[in-house]
Amino acid sequence: MSQRQPIRSIAEVRVGDLLPSLEKAPITTTQLVQYAGASGDFNRIHYDEPFAKEGGFPSVIAHGMLSMAFFGQLVADWAGGPAHVARLATRFKAVTLPGDRITVGGEVVARDEAAGTVELKLVAKKPDGTVTLEGSATVRL
Amino acid sequence: MTAADSRFAPYVGRESAPVVLDVERGHIRRFAEAVGDTNPIYVDEAAARAAGHPRIPAPPTFAIALRANDPRGGIDIDWRKLLHGEQEFVFTRPLYAGDRLTIVGRIAAADVKETKSGIMDVMVLETVATDGDGTRVFTARSTVLVRR
Chain A
1 MSQRQPIRSI
11 AEVRVGDLLP
21 SLEKAPITTT
31 QLVQYAGASG
41 DFNRIHYDEP
51 FAKEGGFPSV
61 IAHGMLSMAF
71 FGQLVADWAG
81 GPAHVARLAT
91 RFKAVTLPGD
101 RITVGGEVVA
111 RDEAAGTVEL
121 KLVAKKPDGT
131 VTLEGSATVR
141 L
Chain B
1001 MTAADSRFAP
1011 YVGRESAPVV
1021 LDVERGHIRR
1031 FAEAVGDTNP
1041 IYVDEAAARA
1051 AGHPRIPAPP
1061 TFAIALRAND
1071 PRGGIDIDWR
1081 KLLHGEQEFV
1091 FTRPLYAGDR
1101 LTIVGRIAAA
1111 DVKETKSGIM
1121 DVMVLETVAT
1131 DGDGTRVFTA
1141 RSTVLVRR
């Protein structure tokens, strides 16, 4: 469980606020099999090494949606739970491989006090700075 | 090239037969474990209630696990050449264990892109989940690209 204190109200939020970044454990091939089963995405590129290599990849590759789940965790933790997440979107920029350690972060880019919504910009990175996902979210507070 | 030149253009508007799916708490737990989300609300009913939820909620991107019947049936796709370009979810409310949802998938759009790595056919898949009251619970949009 995250020990961070979630945001309680829109009055506490300012444009430019940074979300506390979330550093995930290195991706494992076991995790990719777990994610395949849990998500129902059985594209062999995520668990069948020869198949992935025939496709031109150095190894199996992580599901982009696994990293998007990290965005979901980041935003839900910050906002006070999944009920506050009105929209979550991402663009997949670079491939993530087993062993990669992904850190996700975010920033408040807009707030609408009357609507009670906050817009976030999100990014997922490898330790070398490679951006793997760029995203955005709308949070209801 | 224009959208009409997309290999997927003839399939736009194609909709899958609805499928009714139950949101199961064991499934939510396995999903939370797979993504490494240790928030107890996803596994512990008491923790979920203490956080104001009527039942165990699902993490936001759990919506992807509620798969529509695939509207791409019969379309020749080389899965090694398929890239997931973009994904968006719009939620009316969170998903809860015990929800029974009707899921429909649709090929919403097709396009073609000329990129550094060649010509890509683009398809936007839209999945809509509706609850027993007829309320739309979420809309998911996946943009996939297939290298020619």
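If you're matching them up, the sequences are chains A and B in order.
The first sequence lines up with residues 1 to 141 when you count with our numbering.
The second sequence lines up with residues 1001 to 1148 when you count with our numbering.
Quick reminder that beta carbons are idealized off the backbone N, C-alpha and C, glycines included.
Contact of residue 85 of chain A with chain B by beta-carbon distance below 7 Å involves 1060, 1091. In terms of Cβ geometry, residue 62 of chain A and residue 46 of chain A form a close pair [threshold 8 Å]. DSSP, read as helix, strand or coil, puts residue 141 of chain A in coil. Residues of the region 35-52 of chain A with a Cβ closer than 9 Å to any Cβ of chain B, in chain order: 35, 36, 37, 38, 39, 40, 41, 43, 44, 45, 51, 52. Taking C-alpha positions only, residue 1077 of chain B is separated from residue 7 of chain A by approximately 44 Å. Among the CB atoms of chain A, one or more fall inside 8 Å of the CB of residue 1080 of chain B. By the CB criterion at 8 Å, residue 1035 of chain B and residue 1095 of chain B fall outside the cutoff. Residue 103 of chain A: member of the beta strand (DSSP E) spanning 103-112, first to last residue. Contact check for residue 1089 of chain B against residue 88 of chain A passes: the beta carbons are separated by less than 8 Å. Taking a beta-carbon distance threshold of 8 Å, residue 126 of chain A does not count as an interface residue toward chain B.
Look at residue 90 of chain A: its C-beta is under 8 Å from a C-beta on chain B. Between residue 104 of chain A and the set A:126, A:141, A:116, the nearest pair of CA atoms involves A:126. Here DSSP, grouped into helix, strand and coil, assigns residue 80 of chain A to coil.
Comparing alpha carbon positions, the residue from B:1010, B:1018, B:1007 closest to residue 1128 of chain B is B:1018. Per the coordinates, the alpha-carbon of residue 1029 of chain B lies some 14 Å from the alpha-carbon of residue 69 of chain A. Taking 8 Å as the threshold, the shortest C-beta distance from residue 121 of chain A to chain B does not fall below it. Neighbours of residue 1067 of chain B in chain A, taken as residues whose beta carbon is under 8 Å from its own, are 40 in chain order.
For residue 1133 of chain B, the closest Cβ of chain A is not nearer than 8 Å. Counting along the chain, residue 1109 of chain B sits inside no alpha helix (DSSP H); it lies in the beta strand (DSSP E) bounded by residues 1100-1115. Close to chain A, meaning a Cβ-Cβ distance shorter than 7 Å, is no residue of the region 1013-1026 of chain B at all.
Apart from sequence neighbours up to five positions away, no residue of its chain approaches residue 53 of chain A with a beta-carbon distance below 6 Å. Around the CB of residue 1054 of chain B, fewer than 16 other CB atoms lie within 10 Å, so the residue is classed as exposed.
Following the DSSP letters along the chain, one finds residue 1084 of chain B in no alpha helix (DSSP H) but inside the beta strand (DSSP E) bounded by residues 1082-1091. Between residue 1006 of chain B and residue 1148 of chain B, the alpha-carbon positions lie close to 10 Å from each other.
DSSP places residue 49 of chain A inside the alpha helix (DSSP H), whose first and last residues are 49-54.
By the Cβ neighbour-count rule, residue 1105 of chain B is buried, with 16 or more other Cβ atoms within 10 Å of its own. For residue 1141 of chain B, the three-state secondary structure derived from DSSP is strand.
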